[in-house]
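Protein chains: 2
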Amino acid sequence: MQHDKRPNAGPRRQAPERAGSTPASAAPKPRRLKHSDRRTALLQAAKELSVEQNVTIPSLDAIIKRAGGSRRSIYTEFGGKEGLRDALLAEISGEILPALHEGIDRNMDLRAALTHFARRLVCVLMSEHGIGMSRLIMQDSLTSPSRARTFYAKGPGKGMKLLADILEAARGRGEIAVRDCASAAGCFTGMVRGNLYLERALRIRPPLSEAEIEAHIGAAVDIFLEGVKPR
Amino acid sequence: MQHDKRPNAGPRRQAPERAGSTPASAAPKPRRLKHSDRRTALLQAAKELSVEQNVTIPSLDAIIKRAGGSRRSIYTEFGGKEGLRDALLAEISGEILPALHEGIDRNMDLRAALTHFARRLVCVLMSEHGIGMSRLIMQDSLTSPSRARTFYAKGPGKGMKLLADILEAARGRGEIAVRDCASAAGCFTGMVRGNLYLERALRIRPPLSEAEIEAHIGAAVDIFLEGVKPR
DNA sequence: CTTTTATGGTACTGCCAAGTACCATTTCCG
DNA sequence: CGGAAATGGTACTTGGCAGTACCATAAAAG
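Sequence order for the protein chains is Z and S.
According to this note's numbering, the residues represented by the first sequence are 79 to 309, in order.
According to this note's numbering, the residues represented by the second sequence are 79 to 309, in order.
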């Protein structure tokens, strides 16, 4: 063992081929990246590993191998693994959570708004990306409650508030009759998730087809609207 | 380093206090456990660590420290870590999943059956135990899809089937009008989970009070029954 | 009481990953 | 062009954990 037994001695690798002053004719040599580019590359690699490839917690080695650069980059840029995961979650959140609320405002026709909302939710949540993200945040919520809070506020919490506002407006117009719009919003989003999310997360069922999605959200909207109709 | 440098030499610990023939007067000496008792103790320790203390993946050392016994016990009993996790999931499933379906049959009054079902679901799923179990299976589903399948079949899948049967019976009596009872069952369970499960899992909200639970499932049952009523 | 068997305890090995140090090289700036 | 600062690459250290080996002891068998 003991590898080498030279604690702080000279170079371990003596200048690998230094042919003069860097051959400018050798074209495809990947240039060194700038600060911001390196940050982007690292986050991209971490995202691919953790979300798209469903790796629970990617190792720094794996991230570096994919992104290039060195461990030093991670420490100067993010301050360590925890910092990287903070940045990673922020990145993912910022990327896919806004898609939840796109193109919805509280003046739309209620059925149209609910259908639109449901479609967004299903597409985001049931995708590989969405499931990976859920797994990520479920894990992190153990070690870093603040991270979970931030995530919730930016995504699900915001969506719930938006939906509650929509319901509130509809109630103001007399289209629905519910006691608590926030509670009703929770019921609706839950119904949209239904049992499908669990089945997807546990890999019980393959990705949903367009037709399946439309059938499901159509049924959910029908039940909900009929259920909250004034009588 | 190198600790000792005696690969296969004599004893590392020379007979710690052997006072004659074991003093029978020293009372609280924990006796050695039998096979089945050891198994139980190991599973119990693993359960406490993984579910109740929310440790994602307890180490064998941690399990041993809590349960007593030796690493050897785990290998002779479960064949290794994976075997232990198999047994752990089976143990937990067998313990809390039956509570999901207790005291429900398809001849009950529909509202009563739904309310009962919802109450069971909320109590099981929102408890610390339930959340810990969810986390466990979500993790394992990555490395062992078959484990996830087994779990689903014993718990959520069974519940869904039961609920679908109940709805089918009600439809036969003309109490409700839905196209697909299985889909409607998914909608109902989703509505019961609502947004509460996510809030609980991410520790956004403290455990629910009895009143909150009753209010929530009351609202969900009302919306659902009204939504599927024949018209 | 003696022999056999199985269990408890612990040391040890090997592996993997986080974090640190350092050199070589590249880029930036005067 | 020439030096300073930053970056890429790699080795190294440390720590945790799964898995294995082995001894001593407790229970069981004779």
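For every residue, glycine included, the Cβ atom is placed at its ideal position computed from N, Cα and C.
Asked                                                                                                                                                               : Found
Under 8 angstroms: do the stretch 178–193 of chain S and the stretch 287–301 of chain S share three or more Cβ pairs, one atom per stretch?                         : yes
Are S:A255 and S:V306 closer than 8 angstroms when you measure CB to CB?                                                                                            : yes
What residues from the stretch 126–144 of chain S come within 7 angstroms of chain Z, judged by C-beta to C-beta, listed N to C?                                    : N132 and T134
Compare the beta carbon distance of S:L178 and S:G237 with 8 angstroms and say whether it is the shorter of the two.                                                : yes
Can you name the residues of chain Z whose CB is closer than 8 angstroms to the CB of S:N273?                                                                       : P234, M238, A263, G264, T267 and G268
Do you know whose CA, among Z:L120, Z:A140 and Z:E288, lies nearest Z:R198's CA?                                                                                    : Z:E288
Straight-line CA distance for S:L120 to S:T154?                                                                                                                     : 12 angstroms
Taking CB distances under 8 angstroms as the criterion, tell me whether Z:L192 reaches chain S.                                                                     : no
Helix, strand or coil for Z:H179 per DSSP?                                                                                                                          : coil
I want to verify the contact list: residues of chain Z whose CB lies under 7 angstroms from the CB of S:E304, in sequence order.                                    : E304 and G305
Contact criterion: CB-CB distance below 8 angstroms. Does S:P285 meet it with respect to chain Z?                                                                   : no
Count the other CB atoms within 10 Å of the CB of S:L214; is the residue buried (16 or more) or exposed (fewer)?                                                    : buried
Using only alpha-carbon positions, find the residue among S:G252, S:V270 and S:G172 that is nearest to S:R309.                                                      : S:G252
Compute the Euclidean distance between the alpha carbons of S:S128 and S:R163, then round it to the nearest angstrom.                                               : 10 angstroms
Determine whether the beta carbon atoms of S:M216 and S:L286 lie at a separation below 8 angstroms.                                                                 : no
By Cβ distance below 6 angstroms, which residues in the same chain neighbour S:N132 in space, the five residues on each side in sequence not counted?               : G210
Report the option in S:I170, S:R227 and S:V270 whose CA atom is closest to the CA atom of S:K125.                                                                   : S:I170
When the Cβ atoms of the stretch 230–245 of chain Z are set against those of the stretch 224–234 of chain S, are three or more pairs found closer than 8 angstroms? : no
At a CB-CB cut-off below 7 angstroms, which residues of chain Z make contact with S:R227?                                                                           : I282
Report the rounded CA-to-CA distance for Z:V270 versus S:S224, giving the unit in angstroms.                                                                        : 27 angstroms
Which residue spans inside the stretch 111–161 of chain Z form an unbroken alpha helix (DSSP H) run of at least 4?                                                  : 113–125, 138–145 and 149–156
Within 8 angstroms (strictly less), CB to CB, does S:H207 reach chain Z?                                                                                            : no
For a contact meaning CB atoms closer than 7 angstroms, what does S:R213 contact in chain Z?                                                                        : M216
List, in order along the chain, the chain S residues whose C-beta lies closer than 9 angstroms to that of Z:A313?                                                   : Because chain Z spans 79 through 309 in this model, residue 313 of chain Z falls outside it and cannot be assessed.
Considering only residues of the same chain and omitting the five flanking positions on each side of S:I291, which have a CB-CB separation below 6 angstroms?       : V200
For Z:V202, which of helix, strand or coil comes out of DSSP?                                                                                                       : helix
Does DSSP classify S:A105 as helix, strand or coil?                                                                                                                 : Low local confidence applies: a pLDDT of 30 at S:A105 is under 50, so the model's placement there is unreliable, and no value is given.
Could you work out which residues of chain Z lie near S:L276, taking near to mean beta carbons separated by less than 7 angstroms?                                  : P234
Compare the beta carbon distance of Z:L303 and S:G264 with 8 angstroms and say whether it is the shorter of the two.                                                : no
Is S:Y153 close to chain Z? Criterion is C-beta to C-beta, closer than 8 angstroms.                                                                                 : no
Leaving out five residues before and five after S:M186 in sequence, what residues of the same chain have Cβ atoms less than 8 angstroms from its Cβ?                : H194 and I244
If Z:A145 and Z:Q122 are in contact, beta carbons under 8 angstroms, what's the gap, nearest whole angstrom?                                                        : 7 angstroms
Kindly indicate which three-state DSSP category S:A255 falls into: helix, strand or coil?                                                                           : coil
What's the C-alpha gap between Z:H207 and S:D115?                                                                                                                   : 44 angstroms
Taking S:K239 as part of the alpha helix (DSSP H), name the residues at either end of that continuous run.                                                          : P234 to G250
Out of Z:G172, Z:G147, Z:R149 and Z:V299, state which residue places its alpha-carbon closest to the alpha-carbon of S:S261.                                        : Z:V299
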